[in-house]
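Q: Quick note: the sequence shown, position 120, residue 145 per the numbering used here, numbers continuous.
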Amino acid sequence: MSSILFPSREWAESYCRALNESPEYKRLGRGWVWPILFVVTELPPGLRARYPSGTPGFIADLYNGECRGVTFYEDAGGVDAPFIIAARYSDWLDVIAGKESPVSAIVKRKLVLRKGDMAAVLRYAAAAMEMVKAAQRVGGV
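Structure representation (structure tokens):
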């Protein structure tokens, strides 16, 4: 595990690389062609000082099992994307650490699909699990 801080531009870039290094994600993500904006809310005090907006996030440009790049935002509050998933910092950490699956977190509304088609998200549940494994390889949480 690395010591890259989540969330940060460096973490998002490392995450994109980790996705591209995963043959399983390449296979399971085939057919997914939409960027996803991941938004982090309810930051702990140390991160709140770093991101005064309280809503950092990043867009992962995901296309057919590949991450074509990321864009990090210190304030993702007004950013738009075809799919937007938001969660409290603590809930993101639980998903990244594998304490909660991304699909169950969405069902429990710990991860909130603010925009996008839930049916499409559920069709790619296996790809979502591979995305979590890539996040675990990045660490920083």
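Note that beta-carbon positions come from the ideal geometry of N, C-alpha and C, so glycine has one too.
(1) Is DSSP giving D142 helix, strand or coil here?
(2) Answer yes or no: do I110 and A85 have a C-beta to C-beta separation smaller than 7 Å?
(3) For W59, I'd like the list of residues in its chain whose CB is within less than 6 Å of its CB, leaving aside the five on either flank, ordered along the chain.
(4) Work out the CA separation of P127 and K140 for me, nearest whole Å.
(5) Spatial neighbours of A130 within its chain, please: CB distance less than 6 Å, with the 5 preceding and 5 following residues excluded, ordered by chain position.
(6) Could you work out which residue in E49, W117, Y149 and A122 is closest to R134 when comparing CA atoms only?
(7) Can A151 and L87 be called in contact, C-beta distance under 7 Å?
(8) Would the beta-carbon of R34 fall within 7 Å of that of N89?
(9) Considering only heavy atoms of the ligand SAH, does any lie closer than 6 Å to the CB of V163?
(10) Run through the DSSP bridge pairs and tell me what I110 is partnered with.
(11) Could you spell out the range, first to last residue, of the beta strand (DSSP E) harbouring A85?
(12) Distance check for E49 and D100, CA to CA, integer angstroms please.
A: Put simply:
(1) Residue state, collapsed to three classes: coil.
(2) Here I110 is not near A85, since their CB atoms are 7 Å or more apart.
(3) Same-chain partners within the cutoff: P107 and F108.
(4) C-alpha separation (whole angstroms): 16 Å.
(5) Here the set comprises V120 and L136.
(6) Minimum Cα distance to R134 is reached at W117.
(7) Going by beta carbons, A151 and L87 fall outside the 7 Å limit.
(8) Note that the C-beta distance between R34 and N89 is not below 7 Å.
(9) Of the ligands one can find in the structure shown there are none, so the ligand SAH has no counterpart to examine.
(10) Per DSSP, the beta-bridge partners of I110 are F63 and L138.
(11) First-last of the beta strand (DSSP E) with A85: G82 to Y88.
(12) If I take the Cα positions, the gap works out to 32 Å.
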